[in-house]
Amino acid sequence: VDDIFTDDDRYYEGNWQCIDYYKDIKEDLINIFKHPTPNVYNKEMIERIKNTLSVGMHIRRGDYLKSAAFNNICDITYYKKAINYLKSKDCKYTFFVFSNDMDWCKENIAPLLNNSDIVYVTDNKGKDSFWDMFLMTYCKNLVIANSSFSWWGAFLNNNVESVLIPARWSNNDHIPHHLYDPSWIKI
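Be aware that the sequence shown starts at 112, since it is given in our numbering, and climbs by one per residue.
Here it is, written out as structure tokens:
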């Protein structure tokens with residue numbers, strides 16, 4: 112065990128989604144993962160997010176569509192329920208949509224958000240995709256997908272009012288209690 116903590120580089124593989132691992136060091140992690148200096152686009156997005164009653168909505172598609180373990184969980188029904196939950200609060204939200212399939216979002220999510228402000232966050236691709244997670248950490252409310260990318264965006268957010276999560280994280284079982292903060296809302 113002692114040689115695990117040497118100065119040599121290590122690669123650890125896993126999902127790393129367990130509140131119990133991090134709850135006591137959350138502030139340390141937030142400080143470690145300081146946001147780098149944003150480019151013009153992301154600086155503008157940060158300001159828009161901060162100056163609105165923002166809802167970050169992460170919609171993961173791509174590889175999840177073919178995954179037997181993860182597909183059909185965060186489908187249109189999940190997002191519709193999450194949007195209806197937020198609309199029941201009778202607030203003027205601005206929805207910031209983060210996705211690897213914006214065409215699908217514009218076709219399927221936009222109709223659910225009628226009469227709402229929608230911002231499609233489109234400039235962070237490839238090696239700049241990490242910016243989407245950082246932008247999510249500024250949102251006042253989050254609707255997350257069943258993915259570690261979404262999870263970390265929610266966990267590292269110190270200003271969040273509500274985090275909506277799917278009631279199931281995988282098709283294999285229910286959502287394990289250690290995966291989410293007790294304040295997060297299962298939809």
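The C-beta atom is built at its ideal place from N, Cα and C for all residues, glycine as well.
Can you give the Cα-Cα distance for Ile229 and Ile296, rounded to whole angstroms? 22 Å
Considering only residues of the stretch 207-260, which uninterrupted beta strand (DSSP E) runs meet the minimum length of 3 residues and lie entirely inside it, listed in chain order? 228-231, 252-254
Assign Arg301 to one of two classes, buried (16 or more other C-beta atoms within 10 Å of its C-beta) or exposed (fewer than that). With the chain represented from 112 up to 298, any question about residue 301 goes unanswered, as that position is not in the structure.
At least three beta-carbon pairs within less than 8 Å, the stretch 140-147 to the stretch 186-197: no
For Ser273, tell me which candidate among Thr163, Asn162, Ser294, Arg171 has the shortest Cα-Cα distance. Ser294
Report all residues from its chain with a CB closer than 7 Å to the CB of Leu223; omit the five preceding and five following residues, and keep chain order. Tyr190, Lys191, Ile194
Proximity of Gln128 and Leu290 at Cβ, strictly below 7 Å: Annotated as proximal: Gln128 and Leu290, with beta-carbon spacing under 7 Å.
How far does the beta strand (DSSP E) with Leu164 in it extend, from its first residue to its last? Counted as a single uninterrupted DSSP element, the beta strand (DSSP E) harbouring Leu164 occupies residues 164-170.
When Pro277, Asn142, Asp135 are compared against Leu253, the one with the closest alpha-carbon: When the alpha-carbon of Leu253 is set against those of Pro277, Asn142, Asp135, the nearest one is in Pro277.
Taking 8 Å as the limit between beta carbons, can you name the residues of its chain near Cys202, skipping five residues before and five after? Leu164
Mind checking which residues open and close the alpha helix (DSSP H) that includes Leu140? 137-143
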